[in-house]
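J.:
Numbering (mature numbering (1 follows the signal peptide of the UniProt record, and there is no 0)), first residue to last: -19 to -1, 1 to 334.
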């Protein structure tokens, strides 16, 4: 499947908070400091408990921001369930066999509604939870292994988004990239959102954690570009390993680490690309293409530089907005249905001693 691009009309809906769109919500740090002071603490605490019970949830939750923000802006639309009149984004081609852990957001929302009913949007939960997945996953892994480290990058997030009133599977299918995408396609896609080549490479480092399905690499292993042969960019020993794990005609749902340290957020992903050990075509192409290779090489040598660039890219991506009307959903899976939201307020006693 080739990378599909949206129509110009669709792309014009996406703006950033730096534009003059009158409908764009002004985002700022400390947005809930008066209306829900413990909001960020609640999100982080629920994320911490979730990662302790299921470390795999970190990868999915971290990628929620990308899958949400690239489709009509950061509006929580990817969280909505299908209805009789709406096909949402959960069953889109890029999400159906890729994303999981929606229940983590449900748990966060439930705790926020207890403390501050009707205040914190699901779109903002995605932004906070994605940040916490990055910063917590390395800390927890290192703690289990009794190694002291400051953990992955942490950063302040701008908040104040509204939740969409609807979602669209067609929009998600029309914009999200395929695992077969090459660097040229990805550069063009990111540029349409005012994201640079540097942002593209740094944000691709989200594949530092998590696993991919054999389905996503069958063509690389056995029929790259219709040649009937493997992708020559794959390092031979790594190719043999992948063929053992993902034989032709085998179980496409078998999962393989996206890099050599799939439970730690680090720069091993980039070192693997330099060594020809990228799992997805859309990963390895970042090293084989000249415009992206220099960033891969830099991040493979300097983890702190990667962390800084990743944070910069996440903040920029979080600014994407559609300018469409919105609300603060009480349940992240469904719109409020025109009913008035619960009275705003907060109970700090539950979370702050």
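Just so it is clear, CB atoms sit at the ideal spot from N, CA and C, and this is done for glycine as well.
Taking residue 236 as part of the beta strand (DSSP E), name the residues at either end of that continuous run.
T.: Within the chain shown, residue 236 is the residue found at index 255, counting from 1. Looking at the DSSP string, the run of the beta strand (DSSP E) that includes residue 236 is 236 to 238.
J.: Report back the beta-carbon spacing between residue 90 and residue 313 to the nearest angstrom; my notes put them in contact at under 8 Å.
T.: Counted from its first residue, the chain shown places residue 90 at position 109. Counted from its first residue, the chain shown places residue 313 at position 332. Right, their Cβ atoms sit about 5 Å apart.
J.: Helix, strand or coil for residue 190? Go by DSSP, reduced to three states.
T.: Here residue 190 refers to the residue found at position 209 of the chain shown. In this structure, residue 190 counts as coil in the three-state DSSP scheme.
J.: Restricting to Cα atoms, I'd like to know which of 201, 240, 76, 34 is closest to residue 152.
T.: In the chain shown, residue 152 corresponds to position 171, counting from 1. Among 201, 240, 76, 34, the Cα nearest to that of residue 152 belongs to 76.
J.: Just the C-alpha distance for residue 131 and residue 189, rounded to the nearest angstrom, thanks.
T.: The sequence position of residue 131 within the chain shown is 150, counting from 1. The sequence position of residue 189 within the chain shown is 208, counting from 1. Confidence at residue 131 is low in this model, with a pLDDT of 38, below 50, so its placement is unreliable and the value that follows should be read with caution. The straight-line gap from Cα to Cα measures roughly 17 Å.
J.: Please determine if the segment 171 to 188 and the segment 133 to 141 are in contact, where contact requires at least 3 C-beta pairs separated by less than 8 Å.
T.: Segments in contact, no.
J.: Have a look at 230, 186, 183 and flag the residue whose alpha-carbon is nearest the alpha-carbon of residue 202.
T.: Within the chain shown, numbered from 1, the residue matching residue 202 stands at position 221. Answer by Cα proximity: 230.
J.: Determine contact between the segment 51 to 58 and the segment 101 to 108, defined as no fewer than three beta-carbon pairs at a distance below 8 Å.
T.: These segments touch.
J.: Note down, one range per segment and in chain order, each alpha helix (DSSP H) of at least 4 residues found wholly within the segment 93 to 171.
T.: DSSP runs (the alpha helix (DSSP H)) wholly in the segment 93 to 171: 103 to 125, 150 to 156.
J.: When we look at the beta-carbon of residue 316 and count the other beta-carbons within 10 Å, is it buried (16 or more) or exposed?
T.: For the purposes of this step, residue 316 is identified with residue 335 of the chain shown, where counting begins at 1. Residue 316 comes out buried.
J.: Can you give the Cα-Cα distance for residue 36 and residue 85, rounded to whole angstroms?
T.: Translated into positions along the chain shown, residue 36 becomes position 55. Translated into positions along the chain shown, residue 85 becomes position 104. Using only the alpha carbons, I get a separation of about 12 Å.
J.: Under a Cβ-count criterion, where at least 16 other Cβ atoms within 10 Å of its own Cβ denotes burial, should residue 125 be classed as buried or exposed?
T.: Residue numbering aside, residue 125 sits at position 144 when the chain shown is read from its first letter. Below a pLDDT of 50, predicted positions are generally treated as unreliable, and residue 125, at 49, falls in that range; the measurement from the model is reported next regardless. Flag for residue 125 reads exposed.
J.: Would you mind sorting residue 335 into buried or exposed? The rule is 16 or more other CB atoms within 10 Å of its CB.
T.: Nothing about residue 335 can be read from this structure; the chain reaches only from -19 to 334.
J.: Take residue 129 and list the residues in its own chain whose beta-carbon comes closer than 6 Å to its own, dropping the five residues that flank it on each side.
T.: Sequence index remark: in the chain shown, residue 129 carries index 148 (1-based). Because the pLDDT at residue 129 is just 37, under 50, the model does not fix this residue reliably, and the value given afterwards should be weighed accordingly. Around residue 129: no qualifying Cβ.
J.: Using DSSP with H/G/I as helix, E/B as strand and the rest coil, what is residue 308?
T.: Taking the first residue of the chain shown as position 1, residue 308 is located at position 327. Note: residue 308 maps to strand in three-state DSSP.
J.: Can you give me the C-alpha to C-alpha distance between residue 232 and residue 195, rounded to a whole angstrom?
T.: As a position in the chain shown, residue 232 is number 251, starting the count at 1. As a position in the chain shown, residue 195 is number 214, starting the count at 1. Taking the straight line from one Cα to the other gives about 7 Å.
J.: To the nearest angstrom, report how far apart residue 274 and residue 113 are at their CA atoms.
T.: By one-based count along the chain shown, residue 274 stands at place 293. By one-based count along the chain shown, residue 113 stands at place 132. Whole-angstrom Cα-Cα distance: 29 Å.
J.: Straight-line CA distance for residue 7 to residue 292?
T.: Numbered from its first residue, the chain shown carries residue 7 at position 26. Numbered from its first residue, the chain shown carries residue 292 at position 311. Whole-angstrom Cα-Cα distance: 20 Å.
J.: Quick one: any contact between the segment 264 to 281 and the segment 57 to 67, if contact means 3 or more CB pairs under 8 Å?
T.: No, the segment 264 to 281 is not in contact with the segment 57 to 67.
J.: Could you check the C-alpha separation between residue 145 and residue 208 for me, to the nearest Å?
T.: Counting from 1 along the chain shown, the entry for residue 145 is found at position 164. Counting from 1 along the chain shown, the entry for residue 208 is found at position 227. Approximately 44 Å, taken between the alpha carbons.
J.: Identify, in the order they occur along the chain, each residue of the same chain with its Cβ nearer than 7 Å to the Cβ of residue 41, setting aside the five sequence neighbours on each side.
T.: As a first step, residue 41 is located in the chain shown; it is residue number 60 there, counting from the start. Excluding residues within five positions, the ones whose Cβ falls inside 7 Å are 80, 81, 82.
J.: Residues in the same chain with beta-carbon distance under 8 Å from residue 47, minus the five sequence neighbours each way, listed in chain order, please.
T.: For the purposes of this step, residue 47 is taken as the residue at position 66 of the chain shown. Excluding positions up to five away in sequence, the list reads 184, 187, 298.
J.: Please look up how many angstroms separate the CB atoms of residue 248 and residue 284, rounded, as I've assumed it's under 8 Å.
T.: Counting from 1 along the chain shown, the entry for residue 248 is found at position 267. Counting from 1 along the chain shown, the entry for residue 284 is found at position 303. At roughly 4 Å, the Cβ-Cβ gap stays under 8 Å, so residue 248 and residue 284 are in contact.
J.: For residue 26 versus residue 109, is the C-beta distance shorter than 8 Å?
T.: For this step, residue 26 is matched to residue 45 along the chain shown. For this step, residue 109 is matched to residue 128 along the chain shown. It is not a contact, given that the beta carbons lie outside the stated cut-off.
J.: Within its chain, find whatever has a CB closer than 8 Å to the CB of residue 281; leave out the 5 residues flanking it on each side and keep chain order.
T.: Taking the first residue of the chain shown as position 1, residue 281 is located at position 300. Result list for residue 281: 248, 251, 252, 254, 255, in chain order.
J.: What is the rounded straight-line gap between the Cα of residue 348 and the Cα of residue 158?
T.: Beyond the ends of the chain as shown, which are -19 and 334, falls residue 348; an answer cannot be given.
J.: What do you reckon, is the C-beta of residue 192 under 7 Å from a heavy atom of the ligand ADP?
T.: The ligand ADP is absent from the structure shown, which contains no ligands of any kind.
J.: Can you tell me the Cα-Cα spacing of residue 115 and residue 39, whole angstroms?
T.: As a first step, residue 115 must be located in the chain shown, where it is residue number 134. As a first step, residue 39 must be located in the chain shown, where it is residue number 58. Taking the straight line from one Cα to the other gives about 7 Å.
J.: Kindly identify the DSSP beta-bridge partner or partners of residue 64.
T.: Here residue 64 refers to the residue found at position 83 when the chain shown is read from its first residue. Answer is 67, bridged to residue 64.
J.: Return the CA-CA distance between residue 290 and residue 51, expressed in angstroms with no decimal places.
T.: As a position in the chain shown, residue 290 is number 309, starting the count at 1. As a position in the chain shown, residue 51 is number 70, starting the count at 1. Computed Cα separation, rounded: 19 Å.
J.: Which complete beta strand (DSSP E) runs does the segment 7 to 41 hold, if anything under 3 residues is left out?
T.: Runs found: none.
J.: Thinking residue 219 and residue 239 are a contact (beta carbons under 8 Å), I'd like their distance in whole angstroms, please.
T.: Translated into the one-based positions of the chain shown, residue 219 becomes position 238. Translated into the one-based positions of the chain shown, residue 239 becomes position 258. Not really, about 13 Å apart at Cβ, beyond 8 Å.
J.: In terms of residues, what are the limits of the alpha helix (DSSP H) holding residue 279?
T.: Locating residue 279 in the chain shown gives position 298, where the first residue counts as 1. Residues 271 to 282.
J.: Residue 176 by DSSP, collapsed to three states: which one?
T.: Position 195 of the chain shown holds residue 176. Coil at residue 176, not helix or strand.
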